[in-house]
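Taken in order, these protein sequences are the chains called A and B.
My numbering puts the first residue of the first sequence at 1039, with every later residue one more than the last.
My numbering puts the first residue of the second sequence at 1039, with every later residue one more than the last.
2 protein chains.
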Amino acid sequence: MRTHERVLAQIETGLNAGKWPIGERLPAERALAEELGVSRPSVREAIRILEAMGIVRTAVGSGPSAGATVIDRPAAGLGAAVRLHVASGTLPVSDVVRTRVLLEAGAVRDAAARVTDDAALARVREHVEAMADPELDVAAFLEHDQDFHIELARLSGNQLVEAILSGMRAAVASYVAAGAAAVEEWPRTAARLRAEHRGIVDAVARHDGAEAEHLMRDHIEGFYRETGLGER
Amino acid sequence: MRTHERVLAQIETGLNAGKWPIGERLPAERALAEELGVSRPSVREAIRILEAMGIVRTAVGSGPSAGATVIDRPAAGLGAAVRLHVASGTLPVSDVVRTRVLLEAGAVRDAAARVTDDAALARVREHVEAMADPELDVAAFLEHDQDFHIELARLSGNQLVEAILSGMRAAVASYVAAGAAAVEEWPRTAARLRAEHRGIVDAVARHDGAEAEHLMRDHIEGFYRETGLGER
DNA sequence: AGCCCACTGTGGACAGACCACAGAAGTACA
DNA sequence: TGTACTTCTGTGGTCTGTCCACAGTGGGCT
């Protein structure tokens, strides 16, 4: 086993044992290196991996905010992994779409069953309304679309689903942008997407999970079909 | 932007451009460092991240197999991320279970629609049959159970779903083991699980996606309920 | 012809140094 | 006494140089 892997394992053990709760800082790189009897570069490599996985955040300087702070951003690591693999071209877009359908459809169903927080629902509606602005260019529209989907998934309360979808965000954004560019009459498509968004939110608001699930499924698959992304 | 991030971005760009198809090797660390005008440690940190994400595999020595070879193991990176976050205790088991339900139910539905490869189906059945061995201890039984679920998901042909589920494997294994230990009459539960497995495979084999989806849902949720893991 | 061994290129690891940064502590001055 | 400035200290970021272990490769010896 390589040194940095050993370091990683030791840190992971410590994390499991609750040695450094979220918000706490890991020992300084030099201290950790001495403590574990390894060199600083080895410690750094381990911390790099933790950072890429969204487990810690590093900062230079002095004071409480400096150093490697334990955080918990599942989306960071999952996101980077999904992004890199989609980028490397081996993860087909159709797989990403299908996975979205499964997760988002399930998420809105759960959201409909549990949503009571009107503030959260209002946040979702904000994105829907923002998309109604006729001045909005396509990029900004799609930005709100992404936020809408993520916020909606968040309503399910399932952190893992939210993290995976957040992770897929960049990958989704790139294919959606390509799809939007392929649409002939964008204004009409945009109007339809808006209407579908409203329908989904309304279904969630009235706790109609089955309907919300159904609408979400059609919404994602419909866009994918209309843009012909599947035939590439 | 930090140096290793710049290196990572450059490598990612190269990957996107198809500069190093899968199976090819990245330039040597020293060469890459000189080419990009950075130090070797910075290059190493970038490669470490790629390695953790399952994008490359490194090997010492000489010859074609040495160096950083581009591979594609989405499960590696996603798995590590899910494992670390579940381990860090912030991802509740119920979220993991729910995510499994969504993904696996969808996966078997897709599998039923497309499965024609009898060899792949036979591989799944092997695990089912292996679980029938009365000599099998609980740990080995659960091992086969995990393999069964992953192989089944693989039949869907969706690499992303398979990767995510593979990534969740370790997390799932730990909660399933805890659940199995909480069961009063294990032999009876084991028999039921076996029967459910058979039912799912049969449904997939006769292309009955709806039934397979339904059975899978009940299978996962049933075990979760029976073991009372949700009440902890 | 076959075997052995040195060579070469690779990642793995380490030591040591210097820098940039940001907060903390100490100090000078009003 | 209070405020502003300066210095100190601890932190990650980065680089240089070095050595090691390893695994093919190819030449030379038997």
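By construction, the Cβ of each residue, glycine as well, lies at the ideal position given by its N, Cα and C atoms.
Asked: Just checking: is the beta-carbon of A1145 of chain A within a distance shorter than 9 Å of some beta-carbon in chain B?; Found: yes
Asked: Buried or exposed for E1025 of chain B, going by 16 or more other Cβ atoms inside 10 Å?; Found: Not covered by the structure: residue 1025 of chain B. The range shown for chain B is 1039 to 1270.
Asked: Can you grab the Cα-Cα spacing for the pair H1165 of chain B / D1183 of chain B, in whole Å?; Found: 7 Å
Asked: May I have the straight-line CA-CA distance separating P1225 of chain B from V1120 of chain A, to the nearest angstrom?; Found: 40 Å
Asked: Does the CB of D1133 of chain B have a neighbour CB from chain A at under 9 Å?; Found: yes
Asked: How about A1106 of chain A: is its C-beta nearer than 9 Å to some C-beta of chain B?; Found: no
Asked: Exposed or buried, what is T1051 of chain A when buried is set at 16 or more other beta-carbons lying within 10 Å of its beta-carbon?; Found: exposed
Asked: In chain order, what residues of the same chain lie with their CB nearer than 8 Å to the CB of W1058 of chain B, ignoring the 5 residues before and after it?; Found: G1052, L1064 and V1108
Asked: Once you ignore the five residues that flank V1124 of chain B on each side, which residues in its own chain have a CB closer than 7 Å to its CB?; Found: V1134 and A1209
Asked: State yes or no: is the beta carbon of H1182 of chain B nearer than 9 Å to at least one beta carbon in chain A?; Found: no
Asked: Measure how close the beta-carbons of V1139 of chain B and A1084 of chain B come, nearest whole angstrom, since I'm counting them as under 8 Å.; Found: The pair is not a contact, with the Cβ atoms about 37 Å apart (cut-off 8 Å).
Asked: Using 9 Å as the threshold, is the C-beta distance between S1191 of chain B and V1146 of chain B below it?; Found: Note on residue identity: the sequence assigns Ala, not Ser, to residue 1191 of chain B. Yes; because the gap between Cβ atoms is below 9 Å, this pair is in contact.
Asked: Under 9 Å, CB to CB, which of the residues in the stretch 1148–1160 of chain A have a partner in chain B?; Found: D1148
Asked: Along chain A, in chain order, which residues have C-beta atoms closer than 7 Å to that of L1053 of chain B?; Found: A1125 and S1126
Asked: Please tell me whether V1221 of chain A and E1173 of chain A are closer than 9 Å, where the distance is taken between their beta carbons.; Found: no
Asked: Quick one: which unbroken beta strand (DSSP E) runs of 3-plus residues sit fully inside the stretch 1050–1131 of chain B? Chain order, please.; Found: 1094–1097 and 1105–1108
Asked: Would you say E1083 of chain B lies against chain A (beta-carbon separation less than 9 Å)?; Found: yes
Asked: Give the residues of chain B in contact with I1087 of chain A, contact being defined as C-beta atoms less than 7 Å apart.; Found: R1086, I1087 and A1090
Asked: Please confirm whether A1118 of chain A and M1091 of chain B have their CB atoms less than 9 Å apart.; Found: yes
Asked: Hey, quick one: how far does the alpha helix (DSSP H) through S1204 of chain B stretch, first residue to last?; Found: Q1197 to A1220
Asked: Our contact map puts A1104 of chain B next to S1204 of chain B with C-beta atoms below 8 Å; I'd like the distance itself, whole angstroms only.; Found: No, A1104 of chain B and S1204 of chain B are not in contact; Cβ-Cβ is about 27 Å, not under 8 Å.
Asked: Applying the criterion that 16 or more other CB atoms from any shown protein chain within 10 Å of the CB defines a buried residue, is T1154 of chain B buried or exposed?; Found: exposed
Asked: Closest by CA to Y1262 of chain B, which one among B:Y1213, B:A1178 and B:R1082?; Found: B:Y1213
Asked: Hey, quick one: how far does the alpha helix (DSSP H) through V1162 of chain A stretch, first residue to last?; Found: D1156 to A1168
Asked: Looking at the C-beta of R1136 of chain A, does it have a partner C-beta in chain B at a distance below 9 Å?; Found: yes
Asked: Under 8 Å Cβ-Cβ, which residues of chain B neighbour D1110 of chain A?; Found: H1123, S1126 and T1128
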